[in-house]
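Contents: one structure, followed by commentary.
In the numbering used here, the protein residues as written are 3 to 142.
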(Lines of atoms letter the chains of each structure in order from A and count residues from 1; the text may use other names and numbers.)
(Lines give C-alpha, C1' and ligand atoms only; values in the text may rest on other atoms or scores of the structure.)
Protein backbone atom coordinates (compact mmCIF):
# COMPACT_ATOMS: atom_id res chain seq x y z
CA UNK A 1 0.00 0.00 0.00
CA UNK A 2 2.85 2.38 0.80
CA UNK A 3 4.44 1.68 -2.57
CA UNK A 4 1.23 2.47 -4.44
CA UNK A 5 0.74 5.48 -2.16
CA UNK A 6 4.13 6.85 -3.18
CA UNK A 7 3.01 6.78 -6.82
CA UNK A 8 -0.41 8.24 -6.11
CA UNK A 9 1.05 11.08 -4.05
CA UNK A 10 2.91 12.22 -7.16
CA UNK A 11 -0.32 12.04 -9.16
CA UNK A 12 -2.27 14.07 -6.61
CA UNK A 13 0.02 17.10 -6.73
CA UNK A 14 -1.74 18.42 -9.82
CA UNK A 15 1.55 18.87 -11.65
CA UNK A 16 2.31 17.25 -15.00
CA UNK A 17 2.94 13.59 -14.39
CA UNK A 18 6.35 12.18 -15.23
CA UNK A 19 6.15 8.39 -15.42
CA UNK A 20 9.87 7.98 -14.75
CA UNK A 21 9.43 9.83 -11.44
CA UNK A 22 6.43 7.67 -10.56
CA UNK A 23 8.37 4.49 -11.36
CA UNK A 24 11.38 5.74 -9.39
CA UNK A 25 9.26 6.61 -6.35
CA UNK A 26 7.63 3.18 -6.41
CA UNK A 27 10.98 1.41 -6.77
CA UNK A 28 12.46 3.35 -3.85
CA UNK A 29 9.54 2.59 -1.56
CA UNK A 30 9.40 -1.02 -2.78
CA UNK A 31 13.09 -1.53 -2.05
CA UNK A 32 12.62 -0.05 1.41
CA UNK A 33 9.62 -2.28 2.19
CA UNK A 34 11.42 -5.39 0.89
CA UNK A 35 14.39 -4.53 3.11
CA UNK A 36 12.08 -4.27 6.12
CA UNK A 37 10.67 -7.73 5.38
CA UNK A 38 14.15 -9.25 5.03
CA UNK A 39 15.28 -7.66 8.29
CA UNK A 40 12.35 -9.23 10.11
CA UNK A 41 13.47 -12.75 9.24
CA UNK A 42 17.25 -12.28 9.37
CA UNK A 43 17.37 -13.17 13.08
CA UNK A 44 16.28 -16.71 12.18
CA UNK A 45 19.33 -17.13 9.97
CA UNK A 46 21.53 -15.70 12.71
CA UNK A 47 20.17 -18.25 15.19
CA UNK A 48 20.59 -21.06 12.65
CA UNK A 49 24.25 -20.16 12.17
CA UNK A 50 25.15 -19.45 15.81
CA UNK A 51 23.38 -22.31 17.61
CA UNK A 52 25.58 -25.13 16.23
CA UNK A 53 28.60 -23.11 17.36
CA UNK A 54 27.14 -22.90 20.87
CA UNK A 55 26.57 -26.67 20.74
CA UNK A 56 30.18 -27.16 19.68
CA UNK A 57 31.32 -24.98 22.57
CA UNK A 58 29.38 -27.22 24.94
CA UNK A 59 30.95 -30.26 23.32
CA UNK A 60 34.44 -28.92 23.89
CA UNK A 61 33.52 -28.06 27.48
CA UNK A 62 32.17 -31.56 28.08
CA UNK A 63 35.34 -33.13 26.69
CA UNK A 64 37.45 -30.87 28.91
CA UNK A 65 35.42 -31.99 31.94
CA UNK A 66 35.81 -35.63 30.89
CA UNK A 67 39.55 -35.52 30.55
CA UNK A 68 40.16 -33.33 33.57
CA UNK A 69 38.56 -36.09 35.65
CA UNK A 70 41.18 -38.58 34.55
CA UNK A 71 43.88 -37.12 36.78
CA UNK A 72 46.07 -39.36 38.83
CA UNK A 73 44.93 -40.48 42.26
CA UNK A 74 41.27 -41.06 41.34
CA UNK A 75 40.02 -44.66 41.34
CA UNK A 76 38.93 -46.32 38.11
CA UNK A 77 35.19 -46.30 38.92
CA UNK A 78 35.21 -42.55 39.51
CA UNK A 79 37.26 -41.99 36.35
CA UNK A 80 34.73 -43.92 34.28
CA UNK A 81 31.80 -42.03 35.82
CA UNK A 82 33.50 -38.66 35.23
CA UNK A 83 34.37 -39.59 31.65
CA UNK A 84 30.82 -40.79 30.94
CA UNK A 85 29.33 -37.66 32.48
CA UNK A 86 31.50 -35.35 30.39
CA UNK A 87 30.83 -37.23 27.16
CA UNK A 88 27.11 -37.18 27.92
CA UNK A 89 27.23 -33.42 28.47
CA UNK A 90 29.11 -33.03 25.19
CA UNK A 91 26.52 -35.02 23.25
CA UNK A 92 23.55 -33.20 24.80
CA UNK A 93 24.97 -29.78 23.98
CA UNK A 94 25.76 -30.86 20.42
CA UNK A 95 22.25 -32.25 20.05
CA UNK A 96 20.67 -29.09 21.48
CA UNK A 97 22.68 -26.80 19.22
CA UNK A 98 21.80 -28.82 16.14
CA UNK A 99 18.09 -28.99 17.00
CA UNK A 100 17.85 -25.23 17.52
CA UNK A 101 19.85 -24.55 14.36
CA UNK A 102 17.81 -26.92 12.21
CA UNK A 103 14.47 -25.55 13.45
CA UNK A 104 15.61 -21.96 12.89
CA UNK A 105 16.80 -22.85 9.38
CA UNK A 106 13.47 -24.49 8.52
CA UNK A 107 11.50 -21.45 9.67
CA UNK A 108 13.90 -19.12 7.84
CA UNK A 109 13.36 -21.11 4.63
CA UNK A 110 9.58 -20.93 5.05
CA UNK A 111 9.57 -17.20 5.72
CA UNK A 112 12.12 -16.57 2.95
CA UNK A 113 9.68 -18.16 0.51
CA UNK A 114 6.86 -15.97 1.80
CA UNK A 115 8.99 -12.83 1.53
CA UNK A 116 10.00 -13.73 -2.02
CA UNK A 117 6.35 -14.26 -2.98
CA UNK A 118 5.34 -10.94 -1.39
CA UNK A 119 8.11 -9.07 -3.18
CA UNK A 120 7.14 -10.69 -6.50
CA UNK A 121 3.48 -9.75 -5.95
CA UNK A 122 4.55 -6.22 -5.08
CA UNK A 123 6.57 -5.92 -8.29
CA UNK A 124 3.68 -7.28 -10.36
CA UNK A 125 1.18 -4.90 -8.75
CA UNK A 126 3.48 -1.93 -9.18
CA UNK A 127 4.00 -2.77 -12.83
CA UNK A 128 0.23 -2.91 -13.32
CA UNK A 129 -0.21 0.48 -11.62
CA UNK A 130 2.49 2.09 -13.75
CA UNK A 131 1.00 0.65 -16.95
CA UNK A 132 -2.47 1.82 -15.93
CA UNK A 133 -1.24 5.33 -15.18
CA UNK A 134 0.67 5.46 -18.45
CA UNK A 135 -2.44 4.33 -20.34
CA UNK A 136 -4.56 7.00 -18.62
CA UNK A 137 -2.00 9.66 -19.48
CA UNK A 138 -1.96 8.65 -23.13
CA UNK A 139 -5.76 8.77 -23.22
CA UNK A 140 -5.76 12.45 -22.19
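Think of the CB as a built atom: it goes at the ideal place given N, C-alpha and C, for glycine as much as any other residue.
Please read these numbers as outputs of a predicted model, since none were measured by experiment.
> Alpha carbon to alpha carbon, what distance is there between residue 54 and residue 44?
Replying inline: Between residue 44 and residue 54, the C-alpha separation is close to 17 Å.
> Which of the three DSSP states, helix, strand or coil, is assigned to residue 20?
Replying inline: Per DSSP, reduced to three states, the secondary structure at residue 20 is coil, with no helix or strand assignment.
> Distance, Cα to Cα, residue 31 vs residue 109?
Replying inline: In a straight line, the C-alpha of residue 31 is about 27 Å away from that of residue 109.
> Going by Cα to Cα distance, which pick from 99, 58, 122 is closest to residue 35?
Replying inline: If we check each option's Cα against that of residue 35, 122 comes out closest.
> Does DSSP classify residue 1 as helix, strand or coil?
Replying inline: The chain is shown only over 3 to 142; residue 1 falls outside these bounds and no answer can be derived.
> Are the beta-carbon atoms of residue 28 and residue 132 separated by less than 8 Å?
Replying inline: In contact: residue 28 and residue 132 (Cβ atoms closer than 8 Å).
> Where does residue 122 sit, in a helix, a strand or coil, going by DSSP?
Replying inline: Note: residue 122 maps to helix in three-state DSSP.
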